[in-house]
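Contents: one structure, followed by commentary.
Numbering (the working numbering), first residue to last: 1 to 922.
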């Protein structure tokens with residue numbers, strides 16, 4: 001502690017050499033563990049409101065060092081001003097006598113010492129917040145307000161960004177002050193405004209100085225990247241809302257820099273920094289008055305986005321662009337609500353690459369729709385799955401969310417009549433066949449204007465322009481949703497993921513006719529992808545020789561049908577996504593069944609095309625789709641379709657990997673996906689009015705006969721074992737083929753067992769077991785719980801085990817009572833109460849589809865936080881009210897049987913919806 005007092009004495013000295021010795025002594029002490037432990041311990045003893053008077057604490061030492069740094073900077077400023085005035089007054093005499101040169105040398109020496117002092121200050125802050133040492137973080141927060149004041153005063157000084165100490169201050173801001181939550185929360189609004197304003201001004205000056213040239217240097221690029229990074233960090237920690245002048249300055253800086261980046265054709269780190277700053281601007285001020293500025297910002301960045309979109313090497317840049325487009329789409333920057341906004345937002349578009357607005361101010365939406373759809377059609381967007389658990393990557397999930405939003409918005413625009421038919425042309429004489437993507441790419445054309453202009457580099461992909469075929473070759477024009485269903489039938493491996501994401505994120509918006517058409521189309525695709533019947537799984541773990549031979553024969557036939565390996569990969573991926581689409585359709589059924597026409601928030605119309613209806617009815621046997629005029633007939637038609645789906649899945653759920661040979665790079669989880677889809681189908685509920693009287697069940701789908709036995713056999717077959725059961729196999733093992741062994745990997749076995757357990761719970765809730773065979777199957781499923789916990793690679797969750805044990809105990813109780821009474825009536829006694837299933841309408845658990853990502857979503861915490869904490873919040877009032885209205889309709893449908901119930905029911909439902917709306921809006 002005495003040495004620290006000696007350091008303070010030396011730093012406050014008037015002699016330069018003494019101050020320099022004081023700095024050397026201080027950092028020599030900081031290199032030792034004894035001084036660091038003393039400073040950490042004394043700082044930890046300080047109260048939050050205590051005045052730090054002890055020099056042996058970090059805050060007090062920071063105050064001393066800030067005073068030393070400010071003194072050095074003041075001496076450098078006075079020396080510089082003295083040198084300039086001396087040279088102007090003495091003129092030639094000073095040059096002859098050498099006095100001017102001495103003043104310049106003194107000014108240079110003072111500037112060097114000031115630069116060293118700033119560098120030592122940054123090093124001091126880094127030493128105080130070293131993450132390698134144990135203890136609490138934020139040792140300087142009691143005096144960090146003084147550091148914020150010092151940095152803000154230096155930034156607003158004239159010529160700061162051209163000075164020698166500007167890099168050290170920028171590093172101090174970005175690496176320590178703004179990056180630390182303990183320090184950033186103490187940033188005052190006045191200092192934040194100063195830092196943001198001067199950062200935007202520095203970026204404007206840099207762009208104005210180098211905006212004429214078509215190329216740039218590494219130094220200019222690093223400076224621009226530092227300014228953009230500083231603006232991004234400031235927006236992340238901005239205290240309070242953005243002011244109007246702050247929004248205008250940031251918008252002007254981003255627009256000018258976007259045009260500059262497009263001119264120098266930068267698609268590297270600098271472009272990524274720009275899009276990161278734009279994303280943070282939309283997150284910070286998206287709902288606070290950026291509505292009229294969003295189209296202008298997007299109009300300025302469209303040339304840069306077209307340039308960076310076709311660069312497939314930078315996946316991180318593509319992910320950032322996708323996040324930017326998602327936020328623009330949700331905040332209304334791509335679809336202006338008023339023509340005045342669209343005209344003002346696209347006023348300068350003719351000079352930005354020839355992208356003129358078309359169809360009443362929706363040129364930006366049509367262009368982005370064009371680029372994303374062509375990426376899927378040409379195979380640029382790949383839905384890569386994790387080989388172990390089948391989860392999507394972060395980029396793939398964001399791309400699917402963007403495609404879902406674009407398809408929904410384009411359907412809304414098409415239904416409202418704002419998109420003219422000649423601007424959106426689908427299909428030609430040769431379209432709709434083949435898997436190479438060429439037909440799909442030529443099936444969708446978005447024109448920039450009525451006349452076909454080849455200049456300006458317009459079009460969707462910045463040079464790759466798609467033109468419409470001649471009128472004689474045009475086959476027909478389809479709305480976006482109908483075209484999506486048609487593409488799912490042609491190439492399900494590419495377009496079924498898009499349909500799945502559309503149903504998950506916007507299923508509550510879509511009308512019942514589209515739900516039914518999608519169900520028919522997906523079932524048609526599954527019948528074509530998995531056409532062979534699955535062999536039954538024996539009750540024994542090892543299976544009989546006849547069953548193994550049947551499985552091997554079916555597998556060999558399927559492998560012989562595959563002419564090329566890529567066909568097998570495409571087929572397996574298509575089946576996987578179609579099964580996931582069935583699961584999402586079942587989860588969204590309550591919204592489609594409860595939706596009514598005439599709502600002010602549901603603006604997406606849909607009419608089933610003749611081709612889609614014919615192709616669906618020829619396979620399923622259903623002549624027409626539910627029209628909505630006769631509610632009873634429509635409900636019967638939908639129930640019959642779901643019963644067909646349940647029967648189809650039951651017949652194929654027993655086969656390992658659905659008898660599709662496993663392919664390289666794809667998870668062998670088709671059996672698990674079929675089980676999850678079957679679980680969701682079995683949970684479909686009827687309206688409350690239809691299940692109250694007349695003995696009508698409350699569930700739509702009745703479990704097929706023998707389903708419990710099949711599920712129990714699948715659960716037993718999924719548990720790995722090394723023991724030999726003499727009673728079952730005579731003391732010998734049944735050899736497995738290479739395909740069967742690959743299809744039953746440890747991870748795949750774990751997921752199959754969990755999905756089968758969930759299916760057992762759903763089947764028992766829908767129809768409790770009433771016979772001896774069902775009771776035996778339930779007992780076998782309950783017994784397998786302990787073995788599964790011990791032997792599966794992934795331990796089943798406790799909630800699933802509790803639900804399974806509760807459901808099987810209730811089924812056993814029901815079966816025992818039925819066996820005791822020989823003259824039992826068909827009306828069985830009710831089972832004991834079972835644990836309730838998580839409903840889709842619980843407002844506290846599932847406030848919005850963005851907050852409940854799909855089961856196959858990525859495990860990336862950053863992507864999950866962006867979807868649940870950003871996308872779920874950055875929504876317009878119309879979207880929030882549409883979600884609230886959909887939930888209110890679904891609540892009335894499940895509890896009272898109709899959307900328009902009696903007055904008391906409407907009052908109660910309205911009160912509950914109002915309370916849920918308050919929770920959603922915070």
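Even glycine gets a Cβ: it sits at the ideal position worked out from N, Cα and C.
| Check | Outcome |
| --- | --- |
| Collapsed DSSP secondary structure at residue 164 in the structure displayed | coil |
| Residue 645 beta carbon less than 7 angstroms from that of residue 681 | yes |
| Option in 509, 513, 142 with minimal Cα separation from residue 485 | 513 |
| Contiguous alpha helix (DSSP H) assignments of at least 4 residues, all confined to the stretch 210-263 | 218-236 |
| Element boundaries [alpha helix (DSSP H), containing residue 157] | Where residue 157 is concerned, there is no enclosing alpha helix (DSSP H), given that its DSSP letter is neither H nor E. |
| Reduced DSSP secondary structure (H/G/I, E/B, other) of residue 699 | strand |
| Other residues of its chain near residue 502: CB distance less than 6 angstroms, five sequence neighbours each side excluded | 404, 407 |
| Close Cβ partners of residue 259 (< 7 angstroms) along its chain, the five nearest in sequence each way excluded | 300 |
| Runs of alpha helix (DSSP H) wholly within the stretch 2-87 (minimum 4 residues, chain order) | 2-11, 16-30, 33-44 |
| Same chain only: Cβ atoms within 6 angstroms of residue 232, ignoring 5 sequence neighbours per side | 276, 277, 280 |
| Whether residue 873 touches residue 807 by CB criterion (7 angstroms) | no |
| C-alpha gap between residue 383 and residue 857, whole angstroms | 12 angstroms |
| Runs of alpha helix (DSSP H) wholly within the stretch 771-805 (minimum 4 residues, chain order) | 772-791 |
| Beta-carbon contacts of residue 199 that lie in its chain and below 6 angstroms, excluding the five residues immediately before and after | 227, 230, 231 |
| Residue 374 - containing alpha helix (DSSP H), residue span | 363-377 |
| Residues bridged to residue 392 (per DSSP) | 385 |
| Enclosing alpha helix (DSSP H) for residue 859 [first to last residue] | No alpha helix (DSSP H) contains residue 859, which DSSP labels as neither H nor E. |
| Whole-angstrom distance between residue 39 and residue 70, CA atom to CA atom | 23 angstroms |
| Buried versus exposed, by CB contacts within 10 Å (16 or more), residue 48 | exposed |
| Coarse secondary structure for residue 310, derived from DSSP in three states | coil |
| Helix, strand or coil at residue 133 according to DSSP, with G and I counted as helix | coil |
| contact_flag[the stretch 145-152, the stretch 199-212] where n(CB pairs < 8 angstroms) is 3 or more | no |
| C-beta atoms of residue 364 and residue 334 nearer than 7 angstroms | yes |
| Whole-angstrom distance between residue 20 and residue 76, CA atom to CA atom | 15 angstroms |
| DSSP-derived helix/strand/coil call for residue 852 | coil |
| The stretch 364-374 touching the stretch 301-319, judged by at least three CB pairs closer than 8 angstroms | yes |
| Residue 45: CB within 6 angstroms of a non-hydrogen atom of the ligand FAD | Judged by which ligands are present, the structure shown has none, so any question about the ligand FAD falls away. |
| C-alpha gap between residue 1 and residue 130, whole angstroms | 21 angstroms |
| Of the listed residues 387, 794, 23, nearest to residue 746 (C-alpha basis) | 794 |
| Residue 685 - DSSP class collapsed to helix/strand/coil | strand |
| Proximity winner among 389, 390, 410, relative to residue 372 (alpha-carbon distances) | 410 |
| CB of residue 582 within 7 angstroms of CB of residue 496, strictly | no |
| Same chain, Cβ closer than 6 angstroms to residue 16, five either side skipped, listed in chain order | none |
| Through-space distance from residue 871 to residue 393, alpha-carbon basis | 18 angstroms |
| Same chain, Cβ closer than 7 angstroms to residue 52, five either side skipped, listed in chain order | 46, 59, 60, 142, 143 |
| Backbone CA spacing between residue 548 and residue 712 [nearest angstrom] | Bear in mind that the predicted position of residue 548 carries a pLDDT of just 46, short of 50, making it too unreliable to give a figure here. |
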